[in-house]
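Here the structure is laid out as structure tokens; the discussion comes afterwards.
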Amino acid sequence: MLELTIKGSKKYYGWMTLVLGVIGVGFCVYVWQLLQGLQITGMSRDVSWGFYIAQLTFLVGVAASAVMLVIPYYLHNYKAFGKITILGEFLAIASVTMCLLFVIVDLGQPMRLLNVVLHPTPGSVLFWDMVVLNGYLFLNLIIGWNVLEAERNQTHTPKWVKPLIYLSVPWAVSIHTVTAFLYCGLPGRGFWLTAVLAPRFLASAFAAGPSLLILLCLLIRRISNFDPGREQIQSLAKIVTYAIILNVFFFFCEVFVVFYSQIPEHMDHFKYLFMGLHGHGALVPWMWTSLGLMFFAIFMLVLPITRRNEGTLAVSCVAVFVGTWIDKGMGMISGGFVPSPLHHVNEYIPTVPEIAITIGVYGIGVLILSALFKMAISIKEEVAA
Amino acid sequence: MESTRRKFLKIAGISTLGIAGANPVLDAFASEQQHGGEEEQHSQPVEIQKNEKALKAKQWAMVIDTRKFESAADLEPIIEACHKIHNVPDLSEENQRHVINWIWEEEYKHAFPNKAAKFLDERLKHLPFPVLCNHCENPPCVRVCPTKATFKRDDGIVLMDFHRCIGCRFCMAACPYGSRSFNFRDPRPFIEERNPKFPTRMKGVVEKCNFCAERLAVGKMPACAEASDGAIVFGDLYDPESEVRELIGSNYTIRRKQVLGTEPSVYYIV
Numbered sequence: 009m010l011e012l013t014i015k016g017s018k019k020y021y022g023w024m025t026l027v028l029g030v031i032g033v034g035f036c037v038y039v040w041q042l043l044q045g046l047q048i049t050g051m052s053r054d055v056s057w058g059f060y061i062a063q064l065t066f067l068v069g070v071a072a073s074a075v076m077l078v079i080p081y082y083l084h085n086y087k088a089f090g091k092i093t094i095l096g097e098f099l100a101i102a103s104v105t106m107c108l109l110f111v112i113v114d115l116g117q118p119m120r121l122l123n124v125v126l127h128p129t130p131g132s133v134l135f136w137d138m139v140v141l142n143g144y145l146f147l148n149l150i151i152g153w154n155v156l157e158a159e160r161n162q163t164h165t166p167k168w169v170k171p172l173i174y175l176s177v178p179w180a181v182s183i184h185t186v187t188a189f190l191y192c193g194l195p196g197r198g199f200w201l202t203a204v205l206a207p208r209f210l211a212s213a214f215a216a217g218p219s220l221l222i223l224l225c226l227l228i229r230r231i232s233n234f235d236p237g238r239e240q241i242q243s244l245a246k247i248v249t250y251a252i253i254l255n256v257f258f259f260f261c262e263v264f265v266v267f268y269s270q271i272p273e274h275m276d277h278f279k280y281l282f283m284g285l286h287g288h289g290a291l292v293p294w295m296w297t298s299l300g301l302m303f304f305a306i307f308m309l310v311l312p313i314t315r316r317n318e319g320t321l322a323v324s325c326v327a328v329f330v331g332t333w334i335d336k337g338m339g340m341i342s343g344g345f346v347p348s349p350l351h352h353v354n355e356y357i358p359t360v361p362e363i364a365i366t367i368g369v370y371g372i373g374v375l376i377l378s379a380l381f382k383m384a385i386s387i388k389e390e391v392a393a
Numbered sequence: 035m036e037s038t039r040r041k042f043l044k045i046a047g048i049s050t051l052g053i054a055g056a057n058p059v060l061d062a063f064a065s066e067q068q069h070g071g072e073e074e075q076h077s078q079p080v081e082i083q084k085n086e087k088a089l090k091a092k093q094w095a096m097v098i099d100t101r102k103f104e105s106a107a108d109l110e111p112i113i114e115a116c117h118k119i120h121n122v123p124d125l126s127e128e129n130q131r132h133v134i135n136w137i138w139e140e141e142y143k144h145a146f147p148n149k150a151a152k153f154l155d156e157r158l159k160h161l162p163f164p165v166l167c168n169h170c171e172n173p174p175c176v177r178v179c180p181t182k183a184t185f186k187r188d189d190g191i192v193l194m195d196f197h198r199c200i201g202c203r204f205c206m207a208a209c210p211y212g213s214r215s216f217n218f219r220d221p222r223p224f225i226e227e228r229n230p231k232f233p234t235r236m237k238g239v240v241e242k243c244n245f246c247a248e249r250l251a252v253g254k255m256p257a258c259a260e261a262s263d264g265a266i267v268f269g270d271l272y273d274p275e276s277e278v279r280e281l282i283g284s285n286y287t288i289r290r291k292q293v294l295g296t297e298p299s300v301y302y303i304v
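As structure tokens, then:
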């Protein structure tokens, strides 16, 4: 089936060349980072994780959201999703690959990466994160490949794939839970030290992932002969609606606990993010934008008229995606490091090279996603014809 | 090589390494040159001997009597002694965000943020506090390290293996004391005078205070204690006869963020 990824229209080739160009630029900057060390980033002694780890956190969520298609289709026999489940699984593959790459570009000594395998440390959450992310990648590769092949040959999916599909359900939950555990088990980091972190991560994931999928479905309908279907898109929209409401609810649970208890170590991070602390507040406009976008999206999604209209639905999906991205991709990591455990306020702002490398990694994700979606759509067009 | 080095670092108070029993004893901590010549012999079984002078403890601990400090000038020689012998680069003029600190000074409100108060003894308010790795009895940094590059020795010292560290900086997120520094760039050009008896680091790894493990191994007290004129006392926390126990038993001492359960081994008399 892979041959389908290299056969395509001029537009497809043009697009892939463009993406490769972006990856190339990112790669060159990464080589520079390898030579210079992480000094070219905005990270510091106080804010020792930045943009890279934040993107990892956000994308783990996008990857996990494939389960929102798998559960209705395979566990509840909701047939409509059969048509697009493969898209969710392929989105997961692209996202997990980006996650793993973001871990690698963040390492100070990437050539020692295999030390994690050579000296396995079950007490370290990062070790488990590596295990679950790689496991999820392979699960989706195997499942996606076999399901698509069966569709192409118009046969049933091999029986041995079924248990793997069932396994992928808790596994999807595990990747985002373990990623939350990276943060929420650390003493002295009041912002993350909350049991609601993993549930909140999952809620924002199940909003961000399916909203991206809706946008991709609308795009696919426009540029190919495959229609993911109106019913499918509407069902996804309901999932996004519930998930984004849950996400905001969890956020307010957190805000209540923090501000009613008035414990400074927990409160100061929220103050930094939403009001600024000791004259530092680079993220304040971003955080309010994020919150505003999420509220706007809830309003638009709860109202049946604007949810059912695919034009306004697309706007809501963009709002959900951007809103959750700012929340996790910008605020979540910086917010935990500022103020520092010694209560110094040193802000973090990503540098241009750091953003270039980040875009390069996203480019690799887009490349993988484009190739896999092209393969899936070609097969769907082939079967329909 | 790898496992030999670790085995070697892990056993407390070892300073000498006899190869195959018959060879002349090497000061293994001392240098790369001496080591280099013997590289091939590492395939042979290595026998590790303890230096007779090596200091041993169940849990090394430190008592800092801040009553003996008056200003930053009193801390300067202490910090300099440590940073000099451990080849700690001085990046303070280059980029404040990338500084490497093994022992440094903080105001009371930063050293003890959850003990800070609006109204405070004037002396305490302005007094510089020396802060360093607490060599916690229950260290979160060791718990999170995915490669065991940071580990706790039998004598309580939390050590770093600079050659195994992958630079993920999980330990920096886990440490509630900001005691860990990351080499954002090659530190070597910023070492004024290199001490050939202690390794330098490369870019991309984390480092921190090692309670002078290399000095204890040859019967010497930590450099900061030695340079402190009696203000910093070092000893075994579990030896009731030790000087640190005597000080803890006869003075009111505080530790940084005790409430977190990490059991810091650095005690402050204020």
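Going down the list, the protein sequences come from chains S and Z. The number in my numbering is simply the position in the first sequence, starting from 1, with 8 added. The number in my numbering is simply the position in the second sequence, starting from 1, with 34 added. Just so you know, even glycine gets a beta-carbon here, dropped at the ideal spot from N, CA and C. On a predicted model such as this, the values are computed, not experimentally measured, just so you know.
Cβ pair residue i, residue j closer than 8 Å
i	j	result
Ala322 (chain S)	Leu301 (chain S)	no
Ala91 (chain Z)	Arg290 (chain Z)	no
Thr287 (chain Z)	Tyr301 (chain Z)	yes
Trp296 (chain S)	Phe282 (chain S)	yes
Ala379 (chain S)	Leu156 (chain S)	no
Phe381 (chain S)	Leu77 (chain S)	no
Leu147 (chain S)	Cys107 (chain S)	no
Glu139 (chain Z)	Phe163 (chain Z)	yes
Cys167 (chain Z)	Ser215 (chain Z)	no
Val192 (chain Z)	Asn217 (chain Z)	no
Leu281 (chain Z)	Leu89 (chain Z)	no
Ile200 (chain Z)	Leu121 (chain S)	yes
Val204 (chain S)	Cys261 (chain S)	yes
Ile387 (chain S)	Glu97 (chain S)	no
Lys182 (chain Z)	Gly116 (chain S)	no
Thr65 (chain S)	Ile241 (chain S)	no
Arg235 (chain Z)	Phe196 (chain Z)	yes
Thr332 (chain S)	Ala206 (chain S)	no
Simplified DSSP state of residue i, which is helix, strand or coil
i	result
Ser65 (chain Z)	Reliability fails at Ser65 (chain Z), whose pLDDT of 38 lies under 50, so the model's placement of it is uncertain and the value that follows must be treated cautiously. Reduced to three states, the DSSP call for Ser65 (chain Z) is coil.
Asp114 (chain S)	helix
Pro210 (chain Z)	coil
Gln41 (chain S)	helix
Ala322 (chain S)	helix
Phe381 (chain S)	helix
Val55 (chain S)	coil
Val252 (chain Z)	coil
Thr184 (chain Z)	strand
Phe199 (chain S)	coil
Val192 (chain Z)	strand
Gln47 (chain S)	helix
Gly131 (chain S)	coil
Glu241 (chain Z)	strand
Gly55 (chain Z)	With a pLDDT of 40 at Gly55 (chain Z), under the threshold of 50, the predicted position of this residue should be treated as unreliable, though the coordinate-derived value follows. Here Gly55 (chain Z) sits in coil by DSSP.
Beta-carbon separation (whole angstroms), residue i vs residue j, contact threshold 8 Å
i	j	result
Gly339 (chain S)	Leu291 (chain S)	6 Å
Ile372 (chain S)	Thr105 (chain S)	7 Å
Arg197 (chain S)	Phe259 (chain S)	Contact flag wrong, Cβ pair sits at about 18 Å.
Leu99 (chain S)	Val70 (chain S)	7 Å
Gln47 (chain S)	Arg187 (chain Z)	In fact, because the Cβ distance is near 31 Å, the residues do not count as touching under 8 Å.
Ser52 (chain S)	Tyr280 (chain S)	In fact, because the Cβ distance is near 15 Å, the residues do not count as touching under 8 Å.
Thr296 (chain Z)	Pro174 (chain Z)	6 Å
Ala251 (chain S)	Phe303 (chain S)	That belief does not hold up - the Cβ atoms of Ala251 (chain S) and Phe303 (chain S) are roughly 15 Å apart, past 8 Å.
Ile137 (chain Z)	Cys209 (chain Z)	No, Ile137 (chain Z) and Cys209 (chain Z) are not in contact; Cβ-Cβ is about 15 Å, not under 8 Å.
Alpha-carbon to alpha-carbon, residue j and residue i
i	j	result
Glu239 (chain S)	Ala392 (chain S)	19 Å
Thr93 (chain S)	Leu221 (chain S)	10 Å
Phe257 (chain S)	Ala211 (chain S)	10 Å
Ser103 (chain S)	Val181 (chain S)	15 Å
Gly47 (chain Z)	Ile151 (chain S)	Below a pLDDT of 50, predicted positions are generally treated as unreliable, and Gly47 (chain Z), at 47, falls in that range; no measurement from the model is reported.
Thr13 (chain S)	Val353 (chain S)	49 Å
Asn154 (chain S)	Glu318 (chain S)	32 Å
Leu274 (chain S)	Phe329 (chain S)	As written in the sequence, residue 274 (chain S) is His, which differs from the Leu given in the question. Going by the C-alpha atoms only, they are around 27 Å apart.
Phe234 (chain S)	His164 (chain S)	21 Å
Ser276 (chain Z)	Pro298 (chain Z)	18 Å
Any non-hydrogen atom of the ligand ZN within 7 Å of residue i CB
i	result
Ser132 (chain S)	Among the components modelled here there is no ligand, and therefore nothing to report on the ligand ZN.
Practice prompt. Report yes or no: do the region 217–235 of chain Z and the region 114–126 of chain Z share at least 3 C-beta pairs separated by less than 8 Å?
Written response: Touching, yes.
Worksheet item: Which residues, in chain order, does the region 282–299 of chain Z contribute to contact with chain B at a C-beta distance below 8 Å?
Response: Within the model displayed, chain B is absent; protein chains S and Z are what it includes.
Item to complete: State whether the region 106–115 of chain Z contacts the region 248–263 of chain Z, with contact taken as three or more CB pairs (one from each stretch) at a distance under 8 Å.
Response: Three or more Cβ pairs drawn from the region 106–115 of chain Z and the region 248–263 of chain Z lie within less than 8 Å of each other, which places the two stretches in contact.
Worksheet item: Can at least three beta-carbon pairs, one atom from the region 72–91 of chain S and one from the region 124–140 of chain S, be found at a separation below 8 Å?
Response: In this structure the region 72–91 of chain S does not lie against the region 124–140 of chain S, because fewer than three pairs of beta carbons, one per stretch, are closer than 8 Å.
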